[in-house]
Amino acid sequence: MKKSLMYSQIALILICLCACNIQNKEAMNKMSWIEGEWINEKDGELSIETWRFNNPAKLEGNGNILIEGDTVFSEQMFIEIIDSEITFTAIPSGKMATRFKLVLQEEKRLEFENLEHDFPQRIIYWQENENTLNARIEGLVNESVKSFDFSWNKVSVEK
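Counting along the sequence shown from 1, when you hit position 79 you're at 302 in the working numbering, and nothing is skipped either side.
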């Protein structure tokens with residue numbers, strides 16, 4: 224009887240893990256709107272953000288800011304499933320990786336949060352139309368909410 228109960232519990236745990244994994248993969252598939260190359264040029268500053276699916280469970284991103292052709296900021300980013308959770312990982316050039324947990328996913332909106340991080344504590348991506356990608360980073364700085372908004376246009380690919 225005890226063995227039967229133990230096997231039933233193991234089976235239930237495996238079913239739950241598989242169901243969670245399937246839900247996360249479906250959630251990742253719904254993020255395809257972020258995929259592509261995005262660009263913004265303003266006041267001599269060129270901002271480029273690129274997102275590609277490495278595999279069905281991992282989006283890889285790169286963000287770069289160039290001024291007069293020189294890279295002044297570079298960052299690697301990943302949206303992936305880690306320990307049954309969807310996370311956003313940011314790795315600014317020369318710095319440690321920081322993970323943010325997905326806290327909201329709507330059709331064309333993603334919100335990631337890490338309240339333990341100094342700044343930002345929240346990263347938000349959204350799309351109002353298929354040719355524009357928007358982002359906001361926000362968090363508390365000296366007990367005041369601070370935020371920065373970004374907007375990129377999709378780079379069309381000639382076929």
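All C-beta atoms, glycine included, are put in the ideal place defined by N, C-alpha and C.
Between the Cα of residue i and the Cα atoms of the options, which residue gives the shortest distance?
i    : options                   : result
Y376 : E249, I304, S270 and G362 : With the sequence shown as reference, residue 376 is identified as Asn, and Tyr is not the correct amino acid for it. It is S270 whose Cα lies nearest to the Cα of N376.
V368 : N357, D341 and S379       : D341
A320 : A250, E298, T294 and E264 : E298
I314 : L363, W349, I304 and N287 : N287
I262 : N247, E272 and L333       : E272
N247 : D306, G267 and E258       : D306
M251 : S316, E260 and N278       : N278
F371 : T312, R359 and E330       : R359
Quick one: grab the DSSP three-state call for residue i.
i    : result
M254 : coil
N247 : helix
A280 : coil
P315 : strand
S297 : strand
G292 : coil
Q344 : coil
G267 : coil
N354 : coil
V326 : strand
S374 : strand
E336 : strand
Expressed to the nearest angstrom, what Euclidean distance is found between the alpha-carbon atoms of residue i and residue j?
i    : j    : result
G284 : I302 : 8 Å
I290 : F335 : 28 Å
R275 : G362 : 27 Å
A242 : V326 : In this prediction, A242 scores a pLDDT of 45, lower than 50, which makes its location untrustworthy; the coordinate-derived value is nonetheless stated afterwards. The straight-line gap from Cα to Cα measures roughly 19 Å.
L338 : R345 : 8 Å
A280 : S255 : 11 Å
F373 : I304 : 25 Å
I347 : E260 : 18 Å
L264 : N352 : The sequence shown places Glu at residue 264, rather than the Leu named in the question. Whole-angstrom Cα-Cα distance: 19 Å.
T355 : G267 : 20 Å
K324 : I309 : 6 Å
Determine, for residue i, whether the minimum Cβ-Cβ distance to residues of chain B falls below 8 Å.
i    : result
G286 : No chain B appears in the structure shown, which is made up of a single protein chain.
Using DSSP bridges, identify the partner residues of residue i.
i    : result
G362 : K369
K331 : Answer is none; K331 lacks a bridge partner.
E308 : I305
N287 : I271 and S297
Decide if the region 283-295 is in contact with the region 318-334; the criterion is three or more beta carbon pairs, one per stretch, under 8 Å apart. no
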